[in-house]
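I have placed the structure first, in the form of structure tokens, so that the comments after it can refer back to it.
Residue numbers (the working numbering): 32 to 247.
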């Protein structure tokens, strides 16, 4: 579905599309790339939920557990509105353990309440010429994971990569219409996986409850 290295056309393609794909640096596809707010966060709901690395798992954004908070009016004078996440934002870990480097999620709907993100996460905002879920799908590919390993700088406590290096990464993009078709296909797969994972988790909980009731 994606062209091989040095090729402008994929071997597997939706019918009706014939144009060559074009190589683009990620920086060319973005209208914004910004790290979040660095603060000692609270367990108490004092204003704004804060997305952290722990809330990004397997491409999903988990805001149901392990939530930290910060003040809407920052005591140090930062404008928290500059860190609000919105629909179609893509959040990327860029300061963390090497295993977490580059892991990402996409905000699929407007948050129910104003929500910000922490300093070890990048918020990527995509230009209108590019389809957000296609862009997000690129971050799930083997090429992307390999590229992230190359630009990551290991450290004793936390690894990291720079926004400069990240923006230089190159990927192939078809027309916006074809991006949308591909993005919608992979979103359908992701939705099915999430649905069946929830069913599996529910069955596991049922089994656990029965074991506790039947074998005291």
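We put the beta carbon where it would ideally sit given N, CA and C, even for glycine.
Keep in mind that this is a model prediction, so the values were computed, not measured.
Inter-residue spacing [alpha-carbon to alpha-carbon] between residue i and residue j
| i | j | result |
| --- | --- | --- |
| residue 125 | residue 233 | 33 Å |
| residue 148 | residue 243 | 39 Å |
| residue 44 | residue 79 | 43 Å |
| residue 52 | residue 223 | 28 Å |
| residue 138 | residue 39 | 30 Å |
| residue 68 | residue 119 | 20 Å |
| residue 117 | residue 246 | 48 Å |
| residue 63 | residue 239 | 46 Å |
| residue 85 | residue 128 | 11 Å |
| residue 202 | residue 194 | 16 Å |
| residue 207 | residue 162 | 6 Å |
| residue 103 | residue 200 | 35 Å |
| residue 73 | residue 57 | 34 Å |
| residue 227 | residue 221 | 10 Å |
Same chain only: Cβ atoms within 7 Å of residue i, ignoring 5 sequence neighbours per side
| i | result |
| --- | --- |
| residue 105 | 111 |
| residue 171 | 90 |
| residue 98 | 80 |
| residue 142 | 116 |
Continuous alpha helix (DSSP H) stretch holding residue i: start and end
| i | result |
| --- | --- |
| residue 163 | 163-169 |
| residue 175 | 173-182 |
| residue 197 | 194-199 |
Sequence-distant residues of its chain with Cβ nearer than 6 Å to residue i (five each side left out)
| i | result |
| --- | --- |
| residue 164 | 214, 218 |
| residue 192 | 125, 182, 183 |
| residue 132 | 179, 183, 190 |
| residue 60 | 158, 161 |
Where the beta strand (DSSP E) through residue i begins and ends
| i | result |
| --- | --- |
| residue 55 | 53-56 |
| residue 63 | 61-66 |
| residue 208 | Segment 207-245 is the alpha helix (DSSP H) holding residue 208; no beta strand (DSSP E) there. |
| residue 136 | 135-137 |
| residue 81 | 79-82 |
| residue 100 | 99-101 |
| residue 153 | 152-157 |
Cβ-heavy atom distance, residue i to the ligand MN, below 7 Å
| i | result |
| --- | --- |
| residue 225 | The ligand MN is not among the ligands present in this structure, which contains no ligands whatsoever. |
Buried or exposed by the 16-neighbour rule on C-beta atoms within 10 Å, applied to residue i
| i | result |
| --- | --- |
| residue 135 | buried |
| residue 65 | exposed |
| residue 205 | buried |
| residue 155 | buried |
Nonlocal neighbours in the same chain, by C-beta distance under 8 Å from residue i, ignoring five residues either side
| i | result |
| --- | --- |
| residue 100 | 72, 73, 74, 75, 76, 77, 78, 79, 80, 81 |
| residue 175 | 133, 169, 200, 202 |
| Between the segment 149-156 and the segment 90-97, do three or more beta carbon pairs fall short of 8 Å? | Under the 8 Å Cβ criterion, the segment 149-156 does not count as touching the segment 90-97, having fewer than three qualifying pairs.
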